[in-house]
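Visitor: 31 is the number of the first residue of the sequence shown in the working numbering; add one for each residue after it.
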Amino acid sequence: MTSGPTLESIFLAQRRLDGLIHRTPLVRSQSISSMLGREVRFKAENLQITGSFKIRGALNKISELAQSNTPGVVTASSGNHGQAVAWAARHFGLPARVVVPVTAPAIKVEAARSYGAIVESCGSRSRERLERAQRIAQETGYAFVPPYDDPAVMSGQGTLGLEILSDWPQVDTVVVPIGGGGLISGIATAIKSCRPEVRIIGVEPEGAAKATLSRQAGRRVELASTASIADGLITLALGHLTYPIIERYVDDLVTVSETAIQESLWLLMARLKMVVEPSGAAAAACVLTPGPHQALLGQAVVAVLSGGNVDPAQVPATPPPEFKIPH
Ligand SMILES: Cc1ncc(COP(=O)(O)O)c(C=O)c1O
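#1: Since Asp281 is in the alpha helix (DSSP H), which residue starts that stretch and which ends it?
#2: Taking Ala167 as the reference, give the member of Ala142, Gln187, Thr105 with the closest Cα.
#3: Could you compute how far the alpha carbon of Pro55 sits from the alpha carbon of Lys303?
#4: Say yes only if the C-beta of Leu213 is nearer than 7 Å to one or more non-hydrogen atoms of ligand 1, and no if none qualify.
#5: Tell me, which residues are paired with Lys73 by DSSP?
#6: Within the chosen definition, does the stretch 229 to 244 reach the stretch 282 to 298 through at least 3 CB pairs nearer than 8 Å?
#7: Kindly provide the ranges of any beta strand (DSSP E) runs that are 3 or more residues long and lie completely inside the stretch 105 to 150, ordered along the chain.
#8: Out of Leu190, Ala343, Asn339, Ala313, point me to the one whose CA is closest to Val70's CA.
#9: When we look at the beta-carbon of Ser64 and count the other beta-carbons within 10 Å, is it buried (16 or more) or exposed?
#10: Starting from Arg162, follow the beta strand (DSSP E) in both directions and report where the run begins and ends.
#11: On the premise that Leu50 lies in contact with Leu89, defined as a C-beta separation below 8 Å, what is that separation, rounded to the nearest angstrom?
#12: Tell me whether the beta-carbon of Gly210 lies closer than 8 Å to the beta-carbon of Tyr178.
#13: So, helix, strand or coil for Ala300, using DSSP?
#14: Ignoring anything shorter than 3 residues, give me the beta strand (DSSP E) runs that lie fully in the stretch 180 to 243, in order along the chain.
#15: Sorry if obvious, but does the Cβ on Asn110 come closer than 7 Å to a heavy atom of ligand 1?
#16: Going straight from the alpha carbon of Gly328 to that of Leu297, what length do you get?
#17: Could you tell me whether the Cβ atoms of Ile214 and Leu195 are closer together than 8 Å?
#18: Classify Arg46 as buried or exposed, calling it buried when 16 or more other Cβ atoms lie within 10 Å of its own Cβ.
#19: Using a Cβ distance threshold of 8 Å, determine whether the stretch 134 to 152 contacts the stretch 95 to 102, with at least three qualifying pairs required.
#20: Could you say which of Asp261, Gly321, Ser258, Ala239 lies nearest to Glu252 if we only look at CA atoms?
#21: Measure the alpha-carbon distance for Met184 versus Ser244 and round it to whole angstroms.
#22: With H, G and I counted as helix, E and B as strand and the rest as coil, what does DSSP make of Ala362?
#23: What did DSSP end up calling Met31 once you bin it into helix, strand or coil?
#24: Leaving aside the five residues before and after Ser33 along the sequence, list all residues of the same chain whose C-beta is less than 7 Å from its C-beta, in chain order.
#25: Alpha helix (DSSP H) containing Arg45: first to last residue?
#26: Drop a sphere of 10 angstroms on the beta-carbon of Glu261, count the other beta-carbons inside from all chains shown, and report buried for 16 or more, exposed for fewer.
#27: Would you grab the beta carbon distance between Val334 and Pro207 for me? Rounded to a whole angstrom, and I think it's under 8 Å.
#28: To the nearest angstrom, report how far apart Ala119 and Pro125 are at their CA atoms.
Here you go:
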């Protein structure tokens, strides 16, 4: 395989995933569309198996590894990828080990364990987790499953782009959250290969603006630290493979505030009846909040709700102070 996904590798992933995962709906809300003056639909990956899109890349990668007789798989993940690897490994009858940060939400850790993985906590920095996972791989012979910087993982995520195009051919803008960049790399490759005129917008929290700062600098920037309630988007840097794909295919990059993410969580719950985790609400925050970025959006917009693994105990009992349901 080449260093990035291709339309062919994404179609291959789609055939591998067929029948194993949900075809998640493109959900619309009349009130949100009329409030914004454009047609907006939400790709509900919060309803996906394991609660996030991550199962797509994990299943595609592990189906390849299963053919090469690996004795097991190991990964380092802030949560959703770990859950997905645990589920996919169990599907292929392989043992799985998952290294998570000490700060990983309990709901994600418990879910990975419930799928049969051995989960261990290690530090709070992605580099520490990665080193620990690589040591486990050396000791056990297990194959490492990267969270984003891998062609098979990106190809799996790209199947989401094919579904958007086929379910809503009129779409003109697709808005996607960015962590390490695997999701947007797969989606953008799928969509730009089929329909280059569709605009792809990447969204990241203000406190983790690695893609925006990399584009400004003209090189892949590694941040010293990141902070956001969107725990899946606080990666310090884009991947070595995802960075050039994002530079090639992603038209615009937008940062969103913590308040915008929180307000979107409430709006999605109030209007769409959707439970979404903060990382999964970042693209919606871009679409729903006012600002100059509104000019980038077209008339037929999809925002990817990338995950729904929110710990019920963490949902605030009252909406953010500024929150008002629009009418
Ligand atoms: C819910 C959710 N959305 C988006 C992302 C970002 O995905 P990527 O790292 O492929 O950019 C993650 C990553 O963990 C996630 O869990």
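Backbone N, C-alpha and C fix where the C-beta goes; we use that ideal spot for every residue, glycine too. Given the structure is predicted, the values throughout are model-derived calculations rather than measurements.
Guide: Well, looking at it:
#1: Looking at the DSSP string, Asp281 is not in any alpha helix (DSSP H), and its letter there is neither H nor E.
#2: That would be Thr105, whose Cα lies nearest to the Cα of Ala167.
#3: For Pro55 and Lys303, the distance between alpha carbons rounds to 14 Å.
#4: Within the cutoff, so yes.
#5: In the DSSP output, where bridge partners are listed per residue, Lys73 has Leu56, Val334.
#6: Segments in contact, yes.
#7: If you keep only unbroken beta strand (DSSP E) runs of at least 3 residues inside the stretch 105 to 150, you get 126 to 130.
#8: Nearest C-alpha to Val70: Ala313.
#9: Here Ser64 is exposed, its C-beta having fewer than 16 other C-beta atoms within 10 Å.
#10: From DSSP, Arg162 is part of no beta strand (DSSP E) but of the alpha helix (DSSP H) over 156 to 170.
#11: Their Cβ separation, rounded to whole angstroms, is 6 Å, which keeps Leu89 and Leu50 in contact under 8 Å.
#12: Going by beta carbons, Gly210 and Tyr178 fall inside the 8 Å limit.
#13: Annotated three-state conformation of Ala300 is helix, per DSSP.
#14: Complete beta strand (DSSP E) runs here, min 3: 203 to 207, 229 to 235.
#15: Yes; taking the cut-off as 7 Å, the Cβ of Asn110 has a heavy atom of ligand 1 nearer than that.
#16: C-alpha separation (whole angstroms): 21 Å.
#17: In this structure, Leu195 does not lie closer than 8 Å to Ile214 by Cβ.
#18: Arg46 comes out buried.
#19: With the cut-off at 8 Å, the stretch 134 to 152 and the stretch 95 to 102 do not touch.
#20: Looking at Asp261, Gly321, Ser258, Ala239, the one whose alpha-carbon comes closest to that of Glu252 is Ala239.
#21: Rounded to the nearest angstrom, the two C-alpha atoms are 20 Å apart.
#22: Shown here, the chain extends from 31 to 357; a query on residue 362 therefore has no answer.
#23: Unreliable positioning characterises Met31 in this predicted model, as indicated by a pLDDT of 46, which lies under 50. A coordinate reading is not provided.
#24: Setting aside the 5 residues that flank it on each side, Ser33 is surrounded in the same chain by Pro181, Leu271, each with a C-beta closer than 7 Å to its C-beta; the list follows chain order.
#25: Counting along the chain, the unbroken alpha helix (DSSP H) around Arg45 starts and ends at 37 to 47.
#26: The amino acid occupying residue 261 in the given sequence is Asp; Glu does not appear at that position. Only buried fits Asp261, as 16 or more other CB atoms lie within 10 angstroms of its CB.
#27: Right, the Cβ-Cβ distance comes to about 7 Å (below 8 Å), so this counts as a contact.
#28: In a straight line, the C-alpha of Ala119 is about 6 Å away from that of Pro125.
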